[in-house]
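*Asks:*
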Amino acid sequence: MKSTKILIVIVGPTAVGKTALAIRLAQQLQTEIVSADSRQIYRELEIGTAKPSRAELEQVPHHFINSHSIKEDYDAGAYGREALALINSLFQRYNNLILCGGSGLYIKAVLEGFDEMPSIPEGLRDQIIQEYEANGLTWLQAQVKQVDPDYFEVVDIQNPHRLIRALELHRAWQKPMHELRQQKKIEHPFQIVKIGLELERNELYSRIDTRMDAMIADGLFEEAEKFYLYRNLNALQTVGYREIFGFMDGLYDRSEAIRLLKRNSRHYAKRQLTWFKKDADTKWFKPEQIVEINSQLGIKN
15 MKSTKILIVI VGPTAVGKTA LAIRLAQQLQ TEIVSADSRQ IYRELEIGTA KPSRAELEQV
75 PHHFINSHSI KEDYDAGAYG REALALINSL FQRYNNLILC GGSGLYIKAV LEGFDEMPSI
135 PEGLRDQIIQ EYEANGLTWL QAQVKQVDPD YFEVVDIQNP HRLIRALELH RAWQKPMHEL
195 RQQKKIEHPF QIVKIGLELE RNELYSRIDT RMDAMIADGL FEEAEKFYLY RNLNALQTVG
255 YREIFGFMDG LYDRSEAIRL LKRNSRHYAK RQLTWFKKDA DTKWFKPEQI VEINSQLGIK
315 N
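For the record, in the sequence shown the residue sitting at position 126 is 140 according to this note's numbering, with numbers rising by one throughout.
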């Protein structure tokens, strides 16, 4: 018998309008939102993560916003276990729930689960870090692209932590990341409906640039400066902060930092779309197609 419980999954690139749609649907369905964003979980980071505003958070209960510290060792596997446990608990009170975010690995961890990654021989990670420090980020990117091109296509290639992880796993096990993560899919006691949001590229990129200008006006550079001493933490190896750390290190001036912030945000959006478009179960809409989205979900307009 088909379950009457439905998990509505909203995905898409940064700045496309996922939060607004999630809140609208949550209000219509009188339910709650589980965030699937690998940066918005961090309570210390505010401006650079584009979290829902305080007013938006007050409209609908959100989970996994400001839930963890940048000092925690936290990954998609841990998120998947915690989020799935929460979802199953919330379904005791609701017939519908919304899972919303742009972090493909976080979504995958909830819907499909992850195997525990195999162990790494002692000393291998230190060896790769030494090679990276000697040869630089471009070398590290080339290494990962050669041994695991599929992962390279979707990973944040400016994040050395994630690239080092992929390279150490391949050297240890001679397998790409997706094979190491493969397992029998979880059988969920609820239905899953996937909604993707997209815009024409020029419009999306314009939104990204406008959002970045607003973040800078709101104090993004000042926020990044507060976390300079923590810049090597994985949580801060992300678009919106590392470009400013480079400026603080004297690698380039402020105008170049702003150019990189916008360029890297656009690249991030492109990688998000590449990831989500691979899922044939996702139905794609423009953000303004509310009537069509409601129809897809069986909601009366």
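Ideal Cβ positions, reconstructed from N, Cα and C, are used throughout, including at glycine.
Taking only the alpha-carbon atoms, compute the straight-line gap between Glu302 and Ser67 and give it to the nearest angstrom.
*Replies:* Mapped onto the sequence shown, residue 302 falls at position 288. Mapped onto the sequence shown, residue 67 falls at position 53. Computed Cα separation, rounded: 21 Å.
*Asks:* Run through the segment 99 to 172 for me and flag every whole alpha helix (DSSP H) of 4 or more residues, listed as ranges in chain order.
*Replies:* Here the runs fully enclosed are 118 to 125, 138 to 149, 151 to 161, 163 to 168.
*Asks:* Can you tell me whether DSSP reads Leu250 as helix, strand or coil?
*Replies:* For this step, residue 250 is matched to residue 236 along the sequence shown. Correct three-state label for Leu250: helix.
*Asks:* Do Leu100 and His77 count as a contact pair if the criterion is CB distance below 8 Å?
*Replies:* For the purposes of this step, residue 77 is taken as the residue at position 63 of the sequence shown. For the purposes of this step, residue 100 is taken as the residue at position 86 of the sequence shown. Closer than 8 Å, so yes.
*Asks:* For Gly233 versus Gly26, is the C-beta spacing smaller than 8 Å?
*Replies:* Position 219 of the sequence shown, counted from the first residue, corresponds to residue 233. Position 12 of the sequence shown, counted from the first residue, corresponds to residue 26. Not closer than 8 Å, so no.
*Asks:* Does DSSP put His184 in a helix, a strand or coil?
*Replies:* Taking the sequence shown and counting its residues from 1, the one referred to as residue 184 is at position 170. Note: His184 maps to helix in three-state DSSP.
*Asks:* Only counting the same chain, and skipping five residues up and downstream in sequence, which positions put a Cβ closer than 6 Å to that of Tyr255?
*Replies:* Residue 255 sits at position 241 when you count from the first residue of the sequence shown. Contacts found: Gly62, Ala238.
*Asks:* Do you know how far the Cα of Tyr93 is from the Cα of Glu86?
*Replies:* What you label residue 86 is simply residue 72 of the sequence shown in a count that begins at 1. What you label residue 93 is simply residue 79 of the sequence shown in a count that begins at 1. Approximately 12 Å between the Cα atoms of the pair.
*Asks:* Report yes or no: do the segment 272 to 289 and the segment 165 to 177 share at least 3 C-beta pairs separated by less than 8 Å?
*Replies:* Yes, the segment 272 to 289 is in contact with the segment 165 to 177.
*Asks:* Quick one, which of Ile143, Pro203, Asp223, Ile206 has its alpha-carbon nearest Arg176's?
*Replies:* The residue labelled residue 176 in the question sits at position 162 within the sequence shown. Among Ile143, Pro203, Asp223, Ile206, the Cα nearest to that of Arg176 is on Ile143.
*Asks:* Return the first residue and the last residue of the beta strand (DSSP E) that Gln205 is part of.
*Replies:* Working through the sequence shown from its first residue, we reach residue 205 at position 191. Segment 205 to 211, the beta strand (DSSP E) holding Gln205.
*Asks:* On a CA-only basis, which of Met229, Asp51, Gln41 is nearest Glu72? Give me that one, please.
*Replies:* Here residue 72 refers to the residue found at position 58 of the sequence shown. Nearest C-alpha to Glu72: Gln41.
*Asks:* Is there contact here, the segment 45 to 56 with the segment 112 to 121, by at least three beta-carbon pairs under 8 Å?
*Replies:* yes
*Asks:* By the three-class DSSP mapping on this structure, what secondary structure does Lys276 have?
*Replies:* To locate residue 276, count along the sequence shown from 1; it is residue 262. In the structure shown, Lys276 sits in a helix (DSSP, three-state: H, G or I).
*Asks:* Under 8 Å between the Cβ atoms of Thr28 and Ile222?
*Replies:* Mapped onto the sequence shown, residue 28 falls at position 14. Mapped onto the sequence shown, residue 222 falls at position 208. Yes, these two residues count as a Cβ contact at 8 Å.
*Asks:* Please determine, among Leu151, Ala64, Lys19, Ile304, the residue with the shortest C-alpha to C-alpha distance to Ser279.
*Replies:* By one-based count along the sequence shown, residue 279 stands at place 265. It is Ala64 whose Cα lies nearest to the Cα of Ser279.
*Asks:* First and last residue of the alpha helix (DSSP H) that includes Ile37?
*Replies:* Counted from its first residue, the sequence shown places residue 37 at position 23. 32 to 43 is the extent of the alpha helix (DSSP H) around Ile37.
*Asks:* Starting from Ser309, follow the alpha helix (DSSP H) in both directions and report where the run begins and ends.
*Replies:* Along the sequence shown, one-based indexing puts residue 309 at 295. Run containing Ser309: 304 to 311, per the alpha helix (DSSP H) assignment.
*Asks:* Would you decide whether Pro174 is buried or exposed? Buried here means 16 or more other CB atoms lie within 10 Å of its CB.
*Replies:* Against the sequence shown, residue 174 aligns to sequence position 160. Classification of Pro174: buried, given that the 10 Å Cβ count is 16 or more.
*Asks:* Assuming the contact rule is C-beta atoms closer than 8 Å, Asn149 and Thr18 should be a hit. Round their C-beta distance to whole Å, please.
*Replies:* Residue 149 sits at position 135 when you count from the first residue of the sequence shown. Residue 18 sits at position 4 when you count from the first residue of the sequence shown. About 55 Å separates the two Cβ atoms, so there is no contact after all.
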